[in-house]
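As structure tokens, the structure follows; a few thoughts come after it.
Protein chains: 2
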Amino acid sequence: MSLEYILLGLLGEPASGYDLKKIFDTEVGYFWAAELSQIYPTLKRLEKQHLLRSHHAAAKRGPRRIVYETTAAGNRALRVWLQAGPEVGDERQAFVAKLYFMPALDDLGATLRLLSALRQRFATRLEALRSLEKLWEESDPRYPNELPTAEFHKLLALRKGLFSLQAHVEWADDSIRLVRQRADPAGVDRKAKAKPEKSDQRTAKVRV
Amino acid sequence: MSLEYILLGLLGEPASGYDLKKIFDTEVGYFWAAELSQIYPTLKRLEKQHLLRSHHAAAKRGPRRIVYETTAAGNRALRVWLQAGPEVGDERQAFVAKLYFMPALDDLGATLRLLSALRQRFATRLEALRSLEKLWEESDPRYPNELPTAEFHKLLALRKGLFSLQAHVEWADDSIRLVRQRADPAGVDRKAKAKPEKSDQRTAKVRV
DNA sequence: TCCGCCATGTAAGTTGTTACATGATTAG
DNA sequence: CTAATCATGTAACAACTTACATGGCGGA
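Rendered as structure tokens:
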């Protein structure tokens, strides 16, 4: 289970299950998500395998917390995973499937609506990642070239998201263009003039 | 379950479970995969719900086949799904997680190896998709602008894969560059001269 | 005859989700 | 006092994977 290793990785800093959930929601959610109902049992399982240890901590506010940290064995396990080469799973993308089967509706307008909705979602996510990046850039003077190793790797991961989402937005824009062209092969110029397309919200190329 | 709708979509043409598996492996695998052990029970479930019907067919070679096709109700269900707007799940990408936690190894060389392995896998997949596209282009004179609606949508889906994989390759190349720069800030030109990088296998921009 | 492909299935296990249950503390 | 947030957990279900079981048929 990848989640086990991700928890081992995150627990370089001691944290409770609740803390970890917040990290998933705010920091690493763009490449891995997890629910509390999955986090808690997994932490217990890892402790049973002696890859984590825990202690109860009296919290200032709220009830008792259980704070976990990695053991030497946990760190070894993490390293073995890290050195084992990449795991590229096959991505199941329901939205591509939907597009693929849209001809069953026999309505190019529906295709266009689907693509526009997708375009908007991708753009929103892209903006969220860009905000993360910007916040970082503004709060850390070492960004990007003088960053310590840990932060440098986070940057690479973040840039994966940026590259990927940008490609998604560009694909959606391009597909919308192709569908419009197909729906109305004659009046391309007329339309292009009349309607300043959404794709005018140009997404600048990513740089470092 | 998306798989149910995908089967309904694929069964616009009658097919057996075994046939469908081959379609997953050769045609739609780049956005959805499925095992026979999942396909067979799902087909049975859909038939019980009267969204599919089946008949036994004597095959020329091999044992009896069970050929499924959609019913009117099945087609309605598919349309409802298609009109319900996009489903963009959160992608869990173990390889990004791995990169994110690489600092635990404290070895930039390991990061470089990971990125190179990723680069190669992405490039291989990209080539596979391009072959699919090329084969198509060569065998169908209507490609790309005169394609019938069904094929046009397949093209959009395929281009999603092309855009996405290309972004992945570009990200990997760019990350490799950044890591090298970081590992050896002084000797950039020297190295760039000595080693014609893998990234020289330039991946041309996608066009229609 | 044996191997590979055709063809359908079951069983057991993993991973992940949604819904539910419980209770402490604190800010308004 | 009451709502929000902190905090931990269980149960039931859904989706998917890997391994196993069975057998026909055709070509080397």
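As you go down the protein sequences, you meet chains D and G in turn. In terms of the working numbering, the first sequence is numbered consecutively and its last residue is 208. In terms of the working numbering, the second sequence is numbered consecutively and its last residue is 416. Backbone N, C-alpha and C define an ideal beta-carbon position, used for all residues, glycine too. Please read all numbers here as calculations on a predicted model, not as lab measurements.
Distance, residue j Cα to residue i Cα
{"i": "A266 (chain G)", "j": "R273 (chain G)", "result": "6 Å"}
{"i": "L211 (chain G)", "j": "E221 (chain G)", "result": "16 Å"}
{"i": "K134 (chain D)", "j": "Q166 (chain D)", "result": "16 Å"}
{"i": "K160 (chain D)", "j": "H376 (chain G)", "result": "7 Å"}
{"i": "Q328 (chain G)", "j": "L337 (chain G)", "result": "14 Å"}
{"i": "W344 (chain G)", "j": "P356 (chain G)", "result": "13 Å"}
{"i": "H263 (chain G)", "j": "S224 (chain G)", "result": "10 Å"}
{"i": "K44 (chain D)", "j": "P86 (chain D)", "result": "27 Å"}
{"i": "A281 (chain G)", "j": "V288 (chain G)", "result": "11 Å"}
{"i": "F101 (chain D)", "j": "A358 (chain G)", "result": "8 Å"}
{"i": "H311 (chain G)", "j": "L370 (chain G)", "result": "In the sequence as presented, His is not what sits at residue 311 (chain G); that position holds Pro. Distance between the alpha carbons of P311 (chain G) and L370 (chain G): 31 Å."}
{"i": "D348 (chain G)", "j": "Q181 (chain D)", "result": "20 Å"}
{"i": "S339 (chain G)", "j": "E378 (chain G)", "result": "19 Å"}
{"i": "G34 (chain D)", "j": "Q301 (chain G)", "result": "Reading the sequence as shown, one finds Ala at residue 34 (chain D) and not Gly. Cα-Cα distance, rounded: 13 Å."}
{"i": "V88 (chain D)", "j": "D227 (chain G)", "result": "26 Å"}
{"i": "E91 (chain D)", "j": "E299 (chain G)", "result": "7 Å"}
{"i": "E127 (chain D)", "j": "E27 (chain D)", "result": "15 Å"}
{"i": "P185 (chain D)", "j": "A110 (chain D)", "result": "18 Å"}
{"i": "A391 (chain G)", "j": "S37 (chain D)", "result": "41 Å"}
{"i": "Q49 (chain D)", "j": "A331 (chain G)", "result": "38 Å"}
{"i": "P144 (chain D)", "j": "W240 (chain G)", "result": "37 Å"}
{"i": "R333 (chain G)", "j": "L326 (chain G)", "result": "11 Å"}
{"i": "K229 (chain G)", "j": "L363 (chain G)", "result": "21 Å"}
{"i": "I39 (chain D)", "j": "I23 (chain D)", "result": "12 Å"}
{"i": "A172 (chain D)", "j": "E138 (chain D)", "result": "31 Å"}
{"i": "W142 (chain D)", "j": "R350 (chain G)", "result": "The amino acid at residue 142 (chain D) is misidentified as Trp; the sequence shows Arg. Their Cα atoms are separated by approximately 54 Å."}
Which listed residue (the options) has its alpha carbon closest to that of residue i
{"i": "L11 (chain D)", "options": "D:E47, D:S37 and D:F31", "result": "D:E47"}
{"i": "L51 (chain D)", "options": "D:F24, D:Y5 and D:Q93", "result": "D:Y5"}
{"i": "D382 (chain G)", "options": "G:L323, G:L316 and G:G217", "result": "G:L323"}
{"i": "Y30 (chain D)", "options": "D:L99, D:S164, D:R45 and D:E69", "result": "D:S164"}
{"i": "D179 (chain G)", "options": "D:L132, D:P41 and D:L82", "result": "One cannot answer for residue 179 (chain G) here, as it falls past the ends of chain G, which runs 209 to 416."}
{"i": "H209 (chain D)", "options": "G:L326, G:A325 and G:K306", "result": "Residue 209 (chain D) lies beyond the stretch modelled for chain D, which goes from 1 to 208, so this question has no answer here."}
{"i": "R261 (chain G)", "options": "G:R333, G:P249, G:T250 and G:V275", "result": "G:V275"}
{"i": "A292 (chain G)", "options": "D:R92, D:R113 and D:A34", "result": "D:R113"}
{"i": "E354 (chain G)", "options": "D:E138, D:Y40, D:V179 and D:N145", "result": "D:V179"}
{"i": "T70 (chain D)", "options": "D:L7, D:A123, D:P41 and D:M1", "result": "D:L7"}
{"i": "P41 (chain D)", "options": "D:M1, D:G9 and D:W32", "result": "D:M1"}
{"i": "R385 (chain G)", "options": "G:L316, G:R333 and G:E346", "result": "G:L316"}
{"i": "G159 (chain G)", "options": "G:L326, G:A380, G:P352 and G:N283", "result": "Lying before the first or after the last residue shown, residue 159 (chain G) is absent from chain G, which here runs from 209 to 416."}
Under 7 Å by beta carbon: chain D residues contacting residue i
{"i": "A365 (chain G)", "result": "V96, L99 and Y100"}
Chain D contact residues for residue i, given Cβ-Cβ distances below 9 Å
{"i": "A318 (chain G)", "result": "L82 and Q83"}
Beta carbon proximity, residue i to chain G, threshold 9 Å
{"i": "D25 (chain D)", "result": "no"}
{"i": "G9 (chain D)", "result": "yes"}
{"i": "A186 (chain D)", "result": "no"}
{"i": "D106 (chain D)", "result": "yes"}
{"i": "L118 (chain D)", "result": "yes"}
{"i": "D90 (chain D)", "result": "yes"}
{"i": "Y30 (chain D)", "result": "yes"}
{"i": "K154 (chain D)", "result": "yes"}
{"i": "Y265 (chain D)", "result": "What the structure shows of chain D is the stretch from 1 to 208, and residue 265 (chain D) is not part of that stretch, so it cannot be assessed."}
{"i": "E127 (chain D)", "result": "no"}
{"i": "E87 (chain D)", "result": "yes"}
{"i": "L114 (chain D)", "result": "yes"}
Min CB distance residue i to chain D below 9 Å
{"i": "S210 (chain G)", "result": "yes"}
{"i": "D382 (chain G)", "result": "yes"}
{"i": "I247 (chain G)", "result": "no"}
{"i": "R287 (chain G)", "result": "yes"}
{"i": "P222 (chain G)", "result": "no"}
{"i": "R390 (chain G)", "result": "yes"}
{"i": "V387 (chain G)", "result": "yes"}
{"i": "H376 (chain G)", "result": "yes"}
{"i": "R329 (chain G)", "result": "yes"}
Interface residues of chain G facing residue i [CB-CB closer than 8 Å]
{"i": "W171 (chain D)", "result": "R367, K368, F371 and S372"}
{"i": "A33 (chain D)", "result": "D298 and R300"}
Inter-residue CB distance, residue i and residue j (contact presumed, cutoff 8 Å)
{"i": "A157 (chain D)", "j": "V304 (chain G)", "result": "5 Å"}
Proximal residues of chain G, C-beta to C-beta of residue i below 7 Å
{"i": "P103 (chain D)", "result": "T357, A358 and H361"}
{"i": "R142 (chain D)", "result": "The premise fails here: R142 (chain D) is roughly 12 Å from chain G at the closest Cβ pair, so nothing lies under 7 Å."}
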